[in-house]
Amino acid sequence: MAVLESRAFWHGLFTPLHMIAAAYVGGVALLAIVFYAVGRLRLVGWERAISVAQPAVRLLLGLGLVVLAIVVARQLLAGLMTDDVGLRAATDLLLTGPLAPEYIGLRLIGGLALPLLLLAVPQTRTPAGLVLAGALALIGVFVDRLTFVIAGQAAPVTTVSGVVSAPVALYSPSLVEIAIVIGGLALVAFAYTLAERYLDLSESDVHTIIRLPAWALAGLALPGQMTRRAAALVPPLRLRRRVRAPATGEGPTDPPAADSTD
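This is the structure:
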């Protein structure tokens, strides 16, 4: 997407960074929902989910939302201040065009501002507030990806883009695209079910000792041995202390007192 010059809204260095930040926020938001369900239903490990996992997820989600908000603000400012017709048209679609209600309402306010507010205010820094912030952030990421695709396809400006309807191209997800999304979610759920069924995912406080073979231990110790041998070959340096001569006009200095031994 970032290398398609015919789609000005997609083209650029910050497109991959935007996708990575959105994926990070989506993953952490999903963890917030999962850990809330574990603690609410008193599943295995619910004590650690409440005492350890939820505070960590709250911090990670807050950091991710701040970074994503910076990336989104840079994208909107670049679109408003650019001379590129395609980029400006796509930005106008998001802010003042047909996509403004879902982008401003669900993306900027519901997907960024409200989750940050829920995580920042002490009264809402609760498990319920965390799961609500995670759900809003997850919806905001979905709307962000949807509007990103629609705005990029609705405002092509070159002949490479083909013939489109005026003033913007019409786009709606096809049944194949919807089926791909549903299939991806089903595949993740199926893989997790198999992992829960056949893998040991329980935690253990017992420290595991891994015994390495002799050749591996020798390889790890070799750099230290070579360093000690090289240091032994370097001759020791002896520094002599220089005695300052008395300046002209000064009286004779007293000789240093000799050590007396009984």
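The sequence shown lines up with residues 157 to 418 when you count with our numbering.
Note that the Cβ used here is the ideal one computed from N, Cα and C, for glycine as well.
Considering only the beta carbon of each residue, do residue i and residue j sit closer than 8 Å?
i, j, result
"residue 267", "residue 274", "no"
"residue 264", "residue 256", "no"
"residue 235", "residue 244", "yes"
"residue 164", "residue 242", "yes"
"residue 184", "residue 224", "no"
"residue 231", "residue 298", "no"
"residue 182", "residue 294", "yes"
"residue 178", "residue 281", "no"
"residue 172", "residue 221", "no"
"residue 308", "residue 246", "yes"
"residue 290", "residue 188", "yes"
"residue 227", "residue 174", "yes"
"residue 303", "residue 258", "yes"
"residue 262", "residue 296", "yes"
"residue 283", "residue 206", "yes"
Looking at the unbroken alpha helix (DSSP H) that takes in residue i, where does it start and where does it end?
i, result
"residue 214", "210–237"
"residue 346", "331–354"
"residue 390", "From DSSP, residue 390 is part of no alpha helix (DSSP H); its letter is neither H nor E."
"residue 200", "Neither: residue 200 is in no alpha helix (DSSP H) and is coded neither H nor E."
Using only the heavy atoms of the ligand SAM, determine whether one of them is closer than 7 Å to the beta carbon of residue i.
i, result
"residue 234", "What this structure holds is no ligand at all, so the ligand SAM is not there to describe."
Does the CB of residue i have a neighbour CB from chain D at under 8 Å?
i, result
"residue 233", "Note that chain D does not occur in the displayed structure, where there is just one protein chain."
For the segment 209–217 against the segment 183–196, do three or more pairs of beta-carbon atoms, one drawn from each stretch, fall closer than 8 Å, so that the two count as touching? yes
Ordered list of alpha helix (DSSP H) runs contained in the segment 233–284, each at least 4 residues: 241–251 and 270–276
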